[in-house]
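> Going line by line, the protein sequences match chains A and B.
Reading the first sequence from the start, the letters are residues 27 to 320 in this note's numbering.
Reading the second sequence from the start, the letters are residues 27 to 320 in this note's numbering.
Structure in structure tokens, see below.
Protein chains: 2
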Amino acid sequence: MSGPHFERVALIGIGLINSSLACVLRRDKTAGEIVACARRQETLDTATKLGLSDRTTLDPAAAVAGADLVVLGTPLSTYGGIAEVIAGALKPGAIVTDVGSVKQAVIRDVRPHMPAGVHFVAGHPVAGTEHSGPASGFAELFRDRWCILTPLPDTDQGALGKVTALWQSAGMKVLTMDAEHHDLVLAITSHLPHLIAYTIVGTATDLEDALKSEVIKFSAGGFRDFTRIAASDPVMWRDVFLNNREAVLEMLQRFSEDLTALQRAIRWGEGQKLEDLFTRTRAIRRSIIEAKQA
Amino acid sequence: MSGPHFERVALIGIGLINSSLACVLRRDKTAGEIVACARRQETLDTATKLGLSDRTTLDPAAAVAGADLVVLGTPLSTYGGIAEVIAGALKPGAIVTDVGSVKQAVIRDVRPHMPAGVHFVAGHPVAGTEHSGPASGFAELFRDRWCILTPLPDTDQGALGKVTALWQSAGMKVLTMDAEHHDLVLAITSHLPHLIAYTIVGTATDLEDALKSEVIKFSAGGFRDFTRIAASDPVMWRDVFLNNREAVLEMLQRFSEDLTALQRAIRWGEGQKLEDLFTRTRAIRRSIIEAKQA
């Protein structure tokens, strides 16, 4: 199939997602030129060495000049500042999109800075690993995963179509939904699991030293799956929690209530209650396997 | 290397662990005869079909008659009853061991029934998958994992040596520790992670139907790792929590306090606190990778 084409793509931030996207752009020859921008020269040097970009710059405004597609892929807390800095350099007709894990905050921070004639499409390719940085990228990261776009009523349909085609070319299934709904769904499927994993690994970190070394030794019993998740990028995740506060706290509240109920069942030896829950949760796993997301 | 040898091995229960052990025994020709015992004929038929046993029986006493090694691999709540039933049929000099995830309760339930001249060695091969039943077993399950034996001061050293050699032949690194200490270490490395995973998957199960189908769709963001753990055998895990109550509740208490602190940090926008924790947890992951348990 004939995919999308862009003369110049500016990747603002070249971490796991944008470097994986660069691999896709290279593979499919989707971009005439790729410009990578990062905060540190070292990161850009790695991107250059890996052939992820044709040109690099530390200046976001220089990166987006003349680009027909700009992809924001930095921690969420930087979006507002970057949007402000690039606003004056954006080419009329340029498409600006992003890969952030929260969407209401992105729309709040980026949209007010976008000049007339520039098309902003907020997006979230739901894919990842616990690794970060430009060297962790690979084109197959997106294969068969979902990409959620959260257009607004006034979003340009042509721009939406091009961003859709971009992620489809990466192998993703693309759908659109309301930004508020996105933030709620991701709070339970992604943000809360990360918060829980960070917490339990933190609890283990605080154990007495003798016990801690044994936790590492015997991690195969379940704990190590949490440590993988809890090895994710600290700054990215700090920003996710700060920018999706309400939805995360709402889901956390539900989780805490359920955990307290389970705690009580253990304390009072209510075996049937435990077995019932543990049986119900098996069904969700089966659904995920059937949905080919396992 | 020349491994251990047993004339007749009785496997009481033929789930994931005992069927995997049967694969090892078959591979290494460690057992002259393997007798499998289960509660349901259907399970035994599967074991026979898979060649896991030479003989099957629904009667634990018949299974252990003449056996020089008996391996208990049923849910913890059944141990006391089984120990009582098999006591009279055990051959003098026989070794009885187990694979249960809790050790103080096993010693409490099994030991009083063991006749003089029968050697009981409580053990726990720390390995597993989310699958259960005889068809889920495979010899490689144990490779490079730890096996913890919790002998008592009066445990027969010869029997301890043979059980050690058995698990070493399965590829495990074997060590001994105090049963109480085992239960505490496993509470944090295995029992609490399972409890948390069951809880969060349960929380998602209780969501409104529309939201629930989306949780399945977008599970790749972190949630699906929890569903894998929460697909583990419900009865086995019910019994783990009921039989390691104190240690699990102690670790759960620590976890809850840490989670509340994190919740507060999110509510009050304390970014530095979040970033600090998320950075510390990365170090544990590195230690696990270095310890080759990832």
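Virtual Cβ for every residue (Gly too), placed ideally from N, Cα, C.
Taking Cβ-Cβ distances shorter than 9 Å, what residues in chain A pair up with D251 of chain B?
For the purposes of this step, residue 251 of chain B is taken as residue 225 along the second sequence, with counting starting at 1. Neighbours of D251 of chain B on chain A, chain order: P219, A223, D251, F252, R254, I255.
> Tell me D124 of chain B's beta-bridge partners as DSSP assigns them.
Here residue 124 of chain B corresponds to residue number 98 of the second sequence, with the count starting at 1. B:L98, per the DSSP bridge assignment.
> Could you check if L300 of chain A is buried or exposed, using at least 16 other CB atoms within 10 Å of its CB as the buried criterion?
For the purposes of this step, residue 300 of chain A is taken as residue 274 along the first sequence, with counting starting at 1. Classification for L300 of chain A: buried.
> With a CB to CB cut of under 8 Å and the five nearest residues on each side skipped, what residues in its chain are close to G247 of chain A?
As a position in the first sequence, residue 247 of chain A is number 221, starting the count at 1. If we look at G247 of chain A and ignore the five residues flanking it on each side, it has no Cβ neighbours.
> Excluding the 5 residues preceding and the 5 following V50 of chain A in the sequence, name in chain order all residues of the same chain whose CB lies nearer than 6 Å to its CB.
In the first sequence, the residue the question calls residue 50 of chain A occupies position 24. Taken in chain order, the residues that qualify are A165, A196.
> Pull up the CB-CB distance for A125 of chain B and A87 of chain B, whole angstroms please, since I reckon it's below 8 Å.
For the purposes of this step, residue 125 of chain B is identified with residue 99 of the second sequence, where counting begins at 1. For the purposes of this step, residue 87 of chain B is identified with residue 61 of the second sequence, where counting begins at 1. This sequence places Val at residue 125 of chain B; Ala is not what is there. At roughly 20 Å, the Cβ-Cβ gap does not stay under 8 Å, so V125 of chain B and A87 of chain B are not in contact.
> Just to make sure I have the definition right: I need the residues of chain B whose C-beta is within less than 7 Å of the C-beta of D209 of chain A. Which are they?
As a working mapping, residue 209 of chain A is identified with position 183 in the first sequence. Correct list: empty, because the minimum Cβ distance to chain B is about 12 Å.
> Please classify G295 of chain A: is it buried, with 16 or more other beta-carbons within 10 angstroms of its beta-carbon, or exposed?
Working through the first sequence from its first residue, we reach residue 295 of chain A at position 269. Label assigned to G295 of chain A: exposed.
> Measuring alpha carbon to alpha carbon, tell me which of B:T56, B:E68, B:R169 ends up nearest V152 of chain B.
Working through the second sequence from its first residue, we reach residue 152 of chain B at position 126. The shortest C-alpha separation from V152 of chain B is found at B:R169.
> Could you tell me which chain B residues have their CB closer than 7 Å to the CB of W193 of chain A, listed as they occur along the chain?
Against the first sequence, residue 193 of chain A aligns to sequence position 167. The premise fails here: W193 of chain A is roughly 14 Å from chain B at the closest Cβ pair, so nothing lies under 7 Å.
> Do H145 of chain B and A185 of chain B count as a contact pair if the criterion is CB distance below 8 Å?
As a first step, residue 185 of chain B is located in the second sequence; it is residue number 159 there, counting from the start. As a first step, residue 145 of chain B is located in the second sequence; it is residue number 119 there, counting from the start. The answer is yes: Cβ separation under 8 Å.
> Hey, is S324 of chain A's beta-carbon within less than 8 Å of any beta-carbon in chain B?
The requested residue 324 of chain A is not part of the displayed model; chain A covers only 27 to 320.
> Can you look up L175 of chain A in the DSSP assignment and give me helix, strand or coil?
Start at 1 with the first residue of the first sequence, and residue 175 of chain A comes out as number 149. Residue state, collapsed to three classes: strand.
> When Cβ atoms are compared, which residues of the segment 297-312 of chain A fall closer than 7 Å to chain B?
Within the segment 297-312 of chain A, the qualifying residues are G297, L300, E301, L303, F304, T305, R306, T307, R308, I310, R311.
> Going by CA-CA distance only, name the one from A:S216, A:G77, A:K55 that's closest to A62 of chain A.
What you label residue 62 of chain A is simply residue 36 of the first sequence in a count that begins at 1. Closest by alpha carbon: A:G77.
> List the whole-angstrom C-beta distance separating D265 of chain A from L42 of chain A, where the pair is believed to meet the contact cut-off of C-beta under 8 Å.
Indexing the first sequence from 1 puts residue 265 of chain A at position 239. Indexing the first sequence from 1 puts residue 42 of chain A at position 16. Going by Cβ atoms, the distance from D265 of chain A to L42 of chain A rounds to 15 Å, so no, they are not a contact pair.
> At what residues does the beta strand (DSSP E) containing E59 of chain A begin and finish?
In the first sequence, residue 59 of chain A corresponds to position 33, counting from 1. That run of the beta strand (DSSP E) goes 57-63.
> Using alpha carbons as the reference points, say which of A:D80, A:F244, A:R271 lies closest to L218 of chain A.
Here residue 218 of chain A corresponds to residue number 192 of the first sequence, with the count starting at 1. L218 of chain A has its Cα closest to that of A:R271, out of A:D80, A:F244, A:R271.
> Pick out whichever of A:I133, A:V132, A:G29, A:D94 has its Cα sitting closest to the Cα of G119 of chain A.
Taking the first sequence and counting its residues from 1, the one referred to as residue 119 of chain A is at position 93. Considering only alpha carbons, the answer is A:D94.
> Got a sec? Which residues, its chain only, sit under 8 Å from D204 of chain A by beta carbon, not counting five neighbours each side?
Start at 1 with the first residue of the first sequence, and residue 204 of chain A comes out as number 178. Closer than 8 Å at Cβ, skipping near neighbours: T176.
> Excluding the five sequence neighbours on either side, which residues of its own chain have a C-beta within less than 8 Å of the C-beta of S127 of chain B, listed in chain order?
Position 101 of the second sequence, counted from the first residue, corresponds to residue 127 of chain B. Cβ neighbours of S127 of chain B beyond the five flanking positions: L102, H150, L212, S216, H217, M262, V266, N270.
> Distance check for G159 of chain B and R34 of chain B, CA to CA, integer angstroms please.
Mapped onto the second sequence, residue 34 of chain B falls at position 8. Mapped onto the second sequence, residue 159 of chain B falls at position 133. Each residue's alpha carbon lies about 22 Å from the other.
> For L268 of chain A, which residues from the same chain have a beta carbon less than 6 Å from its beta carbon, with the 5 sequence-adjacent residues on both sides left out?
Taking the first residue of the first sequence as 1, we reach residue 268 of chain A at position 242. Here the set comprises nothing.
> Since R81 of chain B sits in a beta bridge, which residues does DSSP pair it with?
On the second sequence, position 55 is the one that residue 81 of chain B refers to. DSSP, once it has assigned bridges, lists B:V61 as partnering R81 of chain B.
> How far does the beta strand (DSSP E) with G149 of chain B in it extend, from its first residue to its last?
Counting from one through the second sequence, the residue named residue 149 of chain B turns up at place 123. G149 of chain B -> beta strand (DSSP E) spans 149-151.
> Report yes or no: is there a C-beta of chain B within less than 8 Å of the C-beta of G46 of chain A?
As a first step, residue 46 of chain A is located in the first sequence; it is residue number 20 there, counting from the start. According to the sequence shown, residue 46 of chain A is Ser rather than Gly. Judged by the 8 Å Cβ criterion, S46 of chain A is not in contact with chain B.
> To the nearest whole angstrom, what separates the beta carbons of I314 of chain A and T307 of chain B, a pair I think is in contact under 8 Å?
As a position in the first sequence, residue 314 of chain A is number 288, starting the count at 1. As a position in the second sequence, residue 307 of chain B is number 281, starting the count at 1. I314 of chain A to T307 of chain B, Cβ: 25 Å. No contact.
> Apply the 10 Å Cβ neighbour rule to I38 of chain B and answer buried if 16 or more other Cβ atoms are within range, or exposed otherwise.
Position 12 of the second sequence, counting from 1, holds the residue named residue 38 of chain B. Its Cβ being crowded by 16 or more others within 10 Å, I38 of chain B is buried.
> Please compile the residues from chain B whose C-beta is within a distance smaller than 7 Å of the C-beta of A230 of chain A.
The count along the first sequence starts at 1 and reaches residue 230 of chain A at position 204. Within chain B, the residues near A230 of chain A are I214, I310.
> Determine, using beta carbons only, whether T123 of chain B and V227 of chain B come nearer to each other than 8 Å.
Within the second sequence, residue 123 of chain B is the residue found at index 97, counting from 1. Within the second sequence, residue 227 of chain B is the residue found at index 201, counting from 1. Contact flag unset, no.
> Please list, in chain order, the chain B residues whose beta carbon lies closer than 8 Å to that of V152 of chain A.
Counted from its first residue, the first sequence places residue 152 of chain A at position 126. Here the neighbours are F244, A246, G247.
> Could you check which residue in B:I174, B:I214, B:K129, B:L210 has the C-alpha nearest to that of M198 of chain B?
Here residue 198 of chain B corresponds to residue number 172 of the second sequence, with the count starting at 1. Of B:I174, B:I214, B:K129, B:L210, the residue nearest in Cα terms is B:I174.
> Do W172 of chain B and K243 of chain A count as a contact pair if the criterion is CB distance below 8 Å?
For the purposes of this step, residue 243 of chain A is taken as the residue at position 217 of the first sequence. For the purposes of this step, residue 172 of chain B is taken as the residue at position 146 of the second sequence. Cβ atoms of K243 of chain A and W172 of chain B: closer than 8 Å.
> Could you check the C-alpha separation between Q194 of chain B and G187 of chain B for me, to the nearest Å?
As a working note, residue 194 of chain B is residue 168 in the second sequence. As a working note, residue 187 of chain B is residue 161 in the second sequence. The straight-line gap from Cα to Cα measures roughly 10 Å.
> CA-CA distance, F304 of chain B and D251 of chain B?
Taking the second sequence and counting its residues from 1, one reaches residue 304 of chain B at position 278. Taking the second sequence and counting its residues from 1, one reaches residue 251 of chain B at position 225. Each residue's Cα considered, the two are about 19 Å apart.
> Just to make sure I have the definition right: I need the residues of chain B whose C-beta is within less than 7 Å of the C-beta of P101 of chain A. Which are they?
As a first step, residue 101 of chain A is located in the first sequence; it is residue number 75 there, counting from the start. The premise fails here: P101 of chain A is roughly 10 Å from chain B at the closest Cβ pair, so nothing lies under 7 Å.
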